Every structure is written in C-alpha cells, then in structure tokens.
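Inspection log for the structure reproduced underneath, given as structure tokens.
2 protein chains.
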Amino acid sequence: MPYGTLYLIPVPLAEDTSAKSFTPFLTDTVNSIKEYIVENEKTARRFLREAGLKTPQSELIIHDYSKHNRGTGTGDFFKGLQAGSDVGLMSEAGCPGIADPGAEIVEKAHRMGIKVVPLVGPSSILLALMASGFNGQSFTFHGYLPIDKADRSKRIRELENLSERNDQTQIFIETPFRNNPLLEELLKTAHQKTRLCIACDLTSATEYVQTKTIAEWQKRIPELHKRPAIFLLYHK
Amino acid sequence: MPYGTLYLIPVPLAEDTSAKSFTPFLTDTVNSIKEYIVENEKTARRFLREAGLKTPQSELIIHDYSKHNRGTGTGDFFKGLQAGSDVGLMSEAGCPGIADPGAEIVEKAHRMGIKVVPLVGPSSILLALMASGFNGQSFTFHGYLPIDKADRSKRIRELENLSERNDQTQIFIETPFRNNPLLEELLKTAHQKTRLCIACDLTSATEYVQTKTIAEWQKRIPELHKRPAIFLLYHK
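Protein chains in written order, with my numbering: chain A, 1 to 236; chain B, 1001 to 1236.
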C-alpha cells in the first residue's frame, strides 16, 4: 500500500483570527485527516475546532511530540503514514518547523520517502518581513539573541555589520516577557541611523508594525511586555 | 483626515489555486479597496477576479510600479492614502516585498506614517522551508546565486560553510530556465553528504518537494526546466 501524505498545517498566531488565517483548502484538509502529530494536544484540539473540523474529536489520533521528545522517540508517529493514512503536523502557533521543533518530523518523513505537503498559513516572520519595508531579497532569521547582556550587545553590532555588508535584513525574536529589555539594549547599542522594525500581535486586533530609525524610536518607546513580537534590523 | 491603510496582499503562486491561497479576510479586504499599487496591472486584475472581487474592474484605480520605477517615481501612488483611502499592494506572485521590488513602497509608507497591514498568503520561500525538514530556527534567503560558473561554485561552497558554521538553512532561487544548470552545478560542487531540498511548482497540482543528500540526488536527477523552484541547502 502506498504511504500516506504528511500535511504541514499552520496554526493561527492569535485568538479569534480564523478568517485571517485559514484557507478553504486547510479546512478541507483538516476534515479529511484523522491523525495528527502536534506540539501541544490541547492547543491542537482547540485549533481544529476553530478551523472547522467536523469529525468528532474522540475519533482523532493525536501524537504529542513535545512529550515524546522527552521520552521514547517518534517511531510510533509514522505507523499511520506507513499504513497509508494521511497525517497532519501542527505546531503551537504559526508554521510547523519554522522557529519550532517540528522540523525533525518532516526530516524523518523525507528519509522514509513519505510525501510532504506544506499548507499556506500565517508566519509571523514572513508577515513582519513583508510589512517592514526592508530588503526581502536577502534576509536572515536568527531566532533568539544571547541572553547575557555583553554577548547580546556584541551580537547586535554583528547583526548591523552583517546587514550593511550583505545588504541583508536581520530578523530575530525574544521571549515576550523579555521584549522590553531587548528593545532597551537595541536602542543603546545600535547606530542612530540603523532602522528597526517592530512587529507585534500580528493578525490580532492590537497588531502593531512600525519601522523607524533607532534615533526616532528613542523618542518614543513602545510597550512590548508579554506581546509576541518580531524584531527586524536593517542598516545600509 | 486620517491616512488610509496600506494592505499588503499576497497573490497565488500558480493558476487555479484560489482555495489553497486565499483567506476569507483577503477576499473581504479586496472588496473594501478600490485602489491598488501593483507590479503588473494585467496579472493584478486577473488575481482580483480570482480572489472574489465584486467591484467592477472599471472602478479601480491601479498604479503599476514596474512602469513608474522606470520613469517618474512613486509620489502619485500615495495621494489616495494621504486622502484617507485604503490601498492594496500586490506583486506578481507570492508576498509583496519578499524577493520582489514592492519593499520600497512599504518603506515609503512607514516614512510617511501610513499604517501597514500584511495579509496571510502564499510564500514559496516559507512553504519550501517548512517542507524541507531543515533548521527553521535559523535560515538565510539569498535570492539568486551568481551567474558566472566559477563565482557560482565558489558561492555554493560558501553557503555550505555558512550552513555548517551557523547550523543555518541556506535558501536560494534561480530563473526557471536556468534551474537545470544550477542543479548540475550543485551536484558537482557540494559535498556528498550535504542535504539539498528542491521545492517546485508549490501549491500547484504538480507540486514536488524532496530532501535528499547530494549523493542521493546524483542517482536520479529531476527535470526542473522552466518550473518555478526553490533550493535549500543544509550541511551539518
């Protein structure tokens, strides 16, 4: 029997944003699949409801990879696929495998010769890049910057240099409760003329995206505490 | 009067993929806007029809930035926004400003204090990264590699080094009619164990996404001529 397909299913970035997040194909896919590999079972079940799932939740098979990673590995996750069932992969928010640990599931699928199909959906990195006005022909996403203060200011200066040398947008994130200290550090360390885009609460009613020079940001510092944010830096 | 909002509107990557590409919010937005800044007027009008536009096309104001860039600048594009009208920005395919020249329109909007709202939609870079199984916590998009053969193999080796040193996925594209020569070069230049993901015809019926080592690809070379493709390289 041919293997099933692994569908990569993006999840909304914020609550009550279904109309902004889901394509009709995503809803159809969700209704044609009964087995999922997810980062968090509770979030996943709520998401499936929002996405228009008609299958009773009790009929779903859900593998939680954040639990399994701590224990016995992910071998079991692929039995359904090998037996010909289609399976959906979902992370907690945004696109599976982008800034989250789902990539190793996809990697394994490729190794096993399983077909992988990515679905269109929200990615905070991509939305932020699009909305920044910075160079989208060359960009790097770095994930998190170092926590140590000295390392972090060194890293900020490195990112400025990379941006200037390669005409490249530098993108990074921070744990939401550390956003304010990171911004403070950026305003202290980066050049006055470096441009910084802050994109936060993307797709939600409180969405905020602004691009300014460091000098301009210093005049009016936004409150970012506990708001999911993406930072983009561009120096040329 | 307050300024209008600049909506960044992604466009499908392939024909007949509306259900895979559009969110209900995108269709609503398109129906609430009468003025557009676009990369290609003809493509844009076709897209708006597919996206469920109800406004008669004759009532639309369309600014073509690929024409204007060659001539008189983009000053006129912002008059509607300054007078309070919402305006949509669209590229030929995918997300405006990502691997296309729309970014300068967004940059100017920020400078003028105009609100920018990015919409969820298809990005071949992001879909390919998600489906590659490579590191999505650190990645660089480089755009095109050099055309000159010697420069190109040098660049491929640089990308391998970058990937190894930074544990970072390296993403690049090529003009579709040059895909086959690029793949040949990759198979000749890169290490046997380097992994290469080829993602082509994304979202369309002929979609193809596979990740293999260079050694595996050498055994069976896919035909990529004139198919829109994304290449991802990962070496660790």
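Using N, Cα and C, we set each Cβ at its ideal position, and we do this for glycine too. Predicted, not measured: the structure shown is a model, and the values here were computed from it.
* Asked: Can you find a CB in chain A that lies within less than 8 Å of the CB of Q1210 of chain B?
  -> Stepping through the second sequence from its first residue, residue 1210 of chain B is reached at position 210. For Q1210 of chain B, at least one C-beta of chain A is nearer than 8 Å to its own C-beta.
* In the DSSP assignment, what residue or residues form a beta bridge with A90 of chain A? -> Here the question's residue 90 of chain A lines up with position 90 in the first sequence. Checking the sequence shown, residue 90 of chain A turns out to be Met, not Ala. Answer is A:V38, bridged to M90 of chain A.
* Over what stretch of residues does the beta strand (DSSP E) that includes Q1210 of chain B continue unbroken? -> Within the second sequence, the letter at position 210 stands for residue 1210 of chain B. From DSSP, the beta strand (DSSP E) with Q1210 of chain B extends over 1208–1213.
* **Integer-rounded CB distance, given that I61 of chain A should sit under 8 Å from E39 of chain A** => By 1-based counting over the first sequence, the position of residue 39 of chain A is 39. By 1-based counting over the first sequence, the position of residue 61 of chain A is 61. The beta-carbon distance between E39 of chain A and I61 of chain A, rounded to whole angstroms, is 16 Å. This is too long to meet the 8 Å contact definition.
* Asked: To which residues does DSSP link C1095 of chain B through a beta bridge?
  -> Residue numbering aside, residue 1095 of chain B sits at position 95 when the second sequence is read from its first letter. Looking at the DSSP assignment, C1095 of chain B forms no beta bridge with any residue, so it has no partner.
* To do: Return the CA-CA distance between S1058 of chain B and T140 of chain A, expressed in angstroms with no decimal places.
  => In the second sequence, counting from the first residue as 1, residue 1058 of chain B sits at position 58. In the first sequence, counting from the first residue as 1, residue 140 of chain A sits at position 140. Using only the alpha carbons, I get a separation of about 41 Å.
* Going along the chain, which residues of its own chain have a beta-carbon closer than 7 Å to the beta-carbon of L129 of chain A, five neighbours each way excluded? -> By 1-based counting over the first sequence, the position of residue 129 of chain A is 129. Once the five neighbours on either side are set aside, the close Cβ partners of L129 of chain A are G136, F139, T169, I171, L232.
* Asked: For the candidate residues A:G133, A:E164, A:R178, whose alpha-carbon lies nearest to that of R152 of chain A?
  -> For the purposes of this step, residue 152 of chain A is taken as residue 152 along the first sequence, with counting starting at 1. It is A:R178.
* Asked: Who pairs with I9 of chain A in a beta bridge, going by DSSP?
  -> For the purposes of this step, residue 9 of chain A is taken as the residue at position 9 of the first sequence. Bridge partners of I9 of chain A: none, in fact.
* Can you give me, in chain order, the residues of the region 201–225 of chain A that have a beta carbon less than 8 Å from any beta carbon in chain B? => Correct list: L202, T203, E207, V209, Q210, T211, K212.
* So is S124 of chain A buried or exposed if we call it buried at 16+ other beta carbons inside 10 Å? -> Taking the first residue of the first sequence as position 1, residue 124 of chain A is located at position 124. Per the 10 Å Cβ criterion, buried.
* To do: Write down every uninterrupted run of the beta strand (DSSP E) in the region 1131–1217 of chain B whose length is 3 residues or greater and which is fully enclosed by it, in chain order.
  => The DSSP assignment places complete beta strand (DSSP E) segments of no fewer than 3 residues inside the region 1131–1217 of chain B at 1139–1144, 1169–1173, 1195–1200, 1208–1213, in order along the chain.
* Taking the C-alpha atoms as reference points, what is the distance between I1105 of chain B and V1116 of chain B? -> If you number the second sequence from 1, residue 1105 of chain B lands on position 105. If you number the second sequence from 1, residue 1116 of chain B lands on position 116. When rounded, the distance between both Cα atoms is 10 Å.
* Do S1091 of chain B and T23 of chain A have their CB atoms nearer than 8 Å? -> Residue mapping note: residue 1091 of chain B aligns to position 91 of the second sequence, counting from 1. Residue mapping note: residue 23 of chain A aligns to position 23 of the first sequence, counting from 1. Cβ atoms of S1091 of chain B and T23 of chain A: not closer than 8 Å.
* **Cβ-Cβ separation, N1031 of chain B to L1006 of chain B (assumed contact under 8 Å), whole Å** => Your numbering for residue 1006 of chain B matches position 6 in the second sequence. Your numbering for residue 1031 of chain B matches position 31 in the second sequence. Between N1031 of chain B and L1006 of chain B the Cβ distance is about 17 Å, and since that is not below 8 Å, they are no contact.
* **Partners in chain B for Q192 of chain A, counting only beta-carbon separations shorter than 9 Å** => Your numbering for residue 192 of chain A matches position 192 in the first sequence. Those do not exist, as Q192 of chain A stays about 16 Å from chain B at its closest Cβ, beyond 9 Å.
* Using the C-alpha atoms, what's the distance from K1188 of chain B back to T50 of chain A? -> The count along the first sequence starts at 1 and reaches residue 50 of chain A at position 50. The count along the second sequence starts at 1 and reaches residue 1188 of chain B at position 188. It should be noted that the sequence gives Glu, not Thr, for residue 50 of chain A. Cα to Cα, E50 of chain A sits roughly 48 Å from K1188 of chain B.
* Using a C-beta to C-beta distance shorter than 8 Å, which residues of chain B count as neighbours of H63 of chain A? -> Start at 1 with the first residue of the first sequence, and residue 63 of chain A comes out as number 63. Close partners of H63 of chain A in chain B (Cβ separation under 8 Å) are lacking, with about 17 Å as the shortest Cβ gap.
* To do: Output, in chain order, the set of chain B residues within a Cβ distance shorter than 9 Å of I33 of chain A.
  => Sequence index remark: in the first sequence, residue 33 of chain A carries index 33 (1-based). Near I33 of chain A there are no residues of chain B at all, since even the closest Cβ is about 16 Å away, more than 9 Å.
* Rounded to whole angstroms, what's the CA-CA distance from P12 of chain A to K1149 of chain B? Just pull it up for me. => Walking along the first sequence from the start, residue 12 of chain A turns up at place 12. Walking along the second sequence from the start, residue 1149 of chain B turns up at place 149. Approximately 43 Å, taken between the alpha carbons.
* Can you tell me which of A:Q82, A:T74, A:L89, A:R46 puts its alpha carbon nearest to the alpha carbon of Y3 of chain A? => Counting from 1 along the first sequence, the entry for residue 3 of chain A is found at position 3. Selected option, being the one with the closest Cα: A:Q82.
* Asked: Counting contacts by CB-CB distance shorter than 8 Å, is S123 of chain A in contact with chain B?
  -> As a first step, residue 123 of chain A must be located in the first sequence, where it is residue number 123. With 8 Å as the cut-off, S123 of chain A counts as an interface residue toward chain B.
* To do: For the alpha helix (DSSP H) containing P1024 of chain B, list its first residue and its last residue.
  => For this step, residue 1024 of chain B is matched to residue 24 along the second sequence. Where P1024 of chain B is concerned, the enclosing alpha helix (DSSP H) stretches over 1024–1032.
* Residue span of the alpha helix (DSSP H) that contains H1063 of chain B, given as start and end -> For the purposes of this step, residue 1063 of chain B is identified with residue 63 of the second sequence, where counting begins at 1. For H1063 of chain B, there is no enclosing alpha helix (DSSP H); the residue is found in the beta strand (DSSP E) stretching over 1061–1064.
* Proximal residues of chain B, C-beta to C-beta of M130 of chain A below 7 Å -> Here residue 130 of chain A refers to the residue found at position 130 when the first sequence is read from its first residue. Within chain B, the residues placing a beta-carbon under 7 Å from that of M130 of chain A are L1008, C1095, P1096, G1097, I1098, P1118, ordered along the chain.
* is_contact[S21 of chain A, chain B] using C-beta, thresh 8 Å -> Mapped onto the first sequence, residue 21 of chain A falls at position 21. Closer than 8 Å: yes.
* Please work out which residues of its chain come closer than 8 Å, Cβ to Cβ, to E185 of chain A, disregarding the five sequence neighbours upstream and downstream, and give them in chain order. => Stepping through the first sequence from its first residue, residue 185 of chain A is reached at position 185. Contacts found: K149, R152, S153, I156.
* For I1230 of chain B, the first and last residue of its enclosing beta strand (DSSP E) -> The residue you call residue 1230 of chain B lines up with position 230 of the second sequence. From DSSP, the beta strand (DSSP E) with I1230 of chain B extends over 1229–1234.
* Asked: Got a sec? Which residues, its chain only, sit under 7 Å from W217 of chain A by beta carbon, not counting five neighbours each side?
  -> Within the first sequence, the letter at position 217 stands for residue 217 of chain A. Non-local beta-carbon contacts of W217 of chain A in its own chain, meaning distances under 7 Å to residues more than five positions away in sequence, involve L187, L196 in chain order.
* **Backbone secondary structure at K79 of chain A - three-state DSSP** => As a working note, residue 79 of chain A is residue 79 in the first sequence. In the three-state reduction of the DSSP assignment, K79 of chain A falls in the helix class.
* Asked: Excluding the five sequence neighbours on either side, which residues of its own chain have a C-beta within less than 6 Å of the C-beta of H235 of chain A, listed in chain order?
  -> Against the first sequence, residue 235 of chain A aligns to sequence position 235. Excluding sequence neighbours, H235 of chain A sits near E160, S163, E164, T194.
* With hydrogens ignored, establish whether the beta-carbon of K1226 of chain B is closer than 7 Å to any heavy atom of the ligand NAP. => For the ligand NAP, the structure offers nothing, since it holds no ligand at all.
* Who does V117 of chain A pair with in a DSSP beta bridge? -> As a working note, residue 117 of chain A is residue 117 in the first sequence. V117 of chain A pairs with A:Y7.
* Going along the chain, which residues of the region 72–89 of chain A sit with their C-beta nearer than 7 Å to a C-beta in chain B? -> If the cut-off is 7 Å between Cβ atoms, the region 72–89 of chain A has nothing near chain B.
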